[in-house]
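Engineer: Quick one: this structure, given as structure tokens, is what I'll be asking you about.
Structure, rendered in structure tokens:
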């Protein structure tokens, strides 16, 4: 039995969709906060457990008879580590055979500007200290996030304006990461394993602009922004200062090369090359 937490989120959905193609539905369970968002899972016969990362009893109930638990990182960044610890503690109490976690592939966590990313590595340390057999999935930035980064369809009128310098990212589609994770969860694994799920090539925002130009037939340019004016602009759009700093910190880490990691793990788990930038943007923008 495999329990997927955060199962109605985008990555959780991608993983479960792939698991349904690999194992009987009776072997799949989902941990969700809101049953109304799990209607499709229920229709497919997936066992549903209701609860939150802040409710240890609901976690303990959900883990009864489970062999593997996939902990998908929570979205409450301020409380994420504590919530993840609740999941890991429940897994240890239930004596599950393997815990898996969706972390982040970053070059040097000790030099991060966006310190909230440290929560992923604190979670990894807590998993390792638990004594449970583990599989860690350190994921690169989703290619699916590019439209959000560059302003959606407005990019074709305004171009790309970000303080990312010449920083490169080994972008990969979320759906392919979900497929790779499902493949790993359904294979026989001994010992502790860490996968770094990245694309097979890294790209700068110059490359993104070139790809969007070729796909759309419209001229898209990338202008590297200065950090301070960019952050001021975000605040001027109505974002809280703390949120603006998080965004600029995230993009600064890209500029500093934190996301420029290329590993073969995603390709190996997929059994094929991950989707390249042009094809991925074509899918995302429906061009």
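In the working numbering, the protein residues as written are 76 to 362.
All residues carry an ideal CB built from backbone N, CA and C; glycine is no exception.
Opposite residue 107 in the DSSP bridges: which residues?
Structural biologist: According to DSSP, residue 107 bridges with 125.
Engineer: Which residues in the same chain have their Cβ closer than 7 Å to the Cβ of residue 182, if we skip the five residues on either side of it in sequence?
Structural biologist: 332, 333, 335, 336
Engineer: Going straight from the alpha carbon of residue 274 to that of residue 150, what length do you get?
Structural biologist: 23 Å
Engineer: Looking at the structure shown, is residue 383 part of a helix, part of a strand, or coil, going by DSSP?
Structural biologist: Nothing can be reported for residue 383: it is not among the residues displayed for the chain, which extend from 76 to 362.
Engineer: Nearest-angstrom Cα distance between residue 293 and residue 132?
Structural biologist: Rounded to whole angstroms, residue 293 to residue 132 spans 54 Å at the Cα level.
Engineer: Pull up the DSSP beta-bridge partners for residue 179, would you.
Structural biologist: Bridge partners of residue 179: 214.
Engineer: I'd like to check one pair, residue 105 with residue 380: are the Cβ atoms closer than 7 Å?
Structural biologist: Within the shown structure, residues of the chain are numbered from 76 to 362, placing residue 380 beyond reach of any answer.
Engineer: Rounded to the nearest angstrom, what separates residue 178 and residue 212 at their Cα positions?
Structural biologist: 6 Å
Engineer: Could you compute how far the alpha carbon of residue 304 sits from the alpha carbon of residue 319?
Structural biologist: 11 Å
Engineer: For residue 167 and residue 220, I'd like the C-alpha separation in whole angstroms.
Structural biologist: 34 Å
Engineer: According to DSSP, simplified to helix, strand and coil, what is residue 221?
Structural biologist: helix
Engineer: To the nearest angstrom, report how far apart residue 195 and residue 222 are at their CA atoms.
Structural biologist: 24 Å
Engineer: What are the start and end residues of the beta strand (DSSP E) that includes residue 78?
Structural biologist: 77-80
Engineer: If we count Cβ pairs, one from each stretch, closer than 8 Å, do we get three or more for the stretch 246-266 versus the stretch 183-202?
Structural biologist: no
Engineer: From residue 192 to residue 291, what does the alpha carbon distance come to, in whole angstroms?
Structural biologist: 34 Å
Engineer: Give every residue of the same chain whose Cβ lies closer than 7 Å to the Cβ of residue 174, excluding the five residues on either side of it in the sequence, and list them in chain order.
Structural biologist: 144, 146, 163, 166, 202, 207, 209
Engineer: Once the 5 residues before and after residue 215 are set aside, which same chain residues still bring their CB inside 6 Å of it?
Structural biologist: Within the same chain, residue 215 has close Cβ partners 180, 245, 247, 273.
Engineer: What are the boundary residues of the beta strand (DSSP E) that residue 235 is part of?
Structural biologist: 235-237
Engineer: Can you give me the start and stop residues for the alpha helix (DSSP H) that residue 114 sits inside?
Structural biologist: For residue 114, the enclosing alpha helix (DSSP H) begins and ends at 114-118.
Engineer: For my contact list, residue 241 and residue 279 are in at a C-beta cut-off of 8 Å; report their separation, rounded to the angstrom.
Structural biologist: 6 Å
Engineer: In whole angstroms, give me the CA-to-CA distance for residue 249 and residue 311.
Structural biologist: Taking the straight line joining both Cα atoms gives about 31 Å.
Engineer: Can you name the start and end residues of the alpha helix (DSSP H) that residue 304 belongs to?
Structural biologist: 302-311
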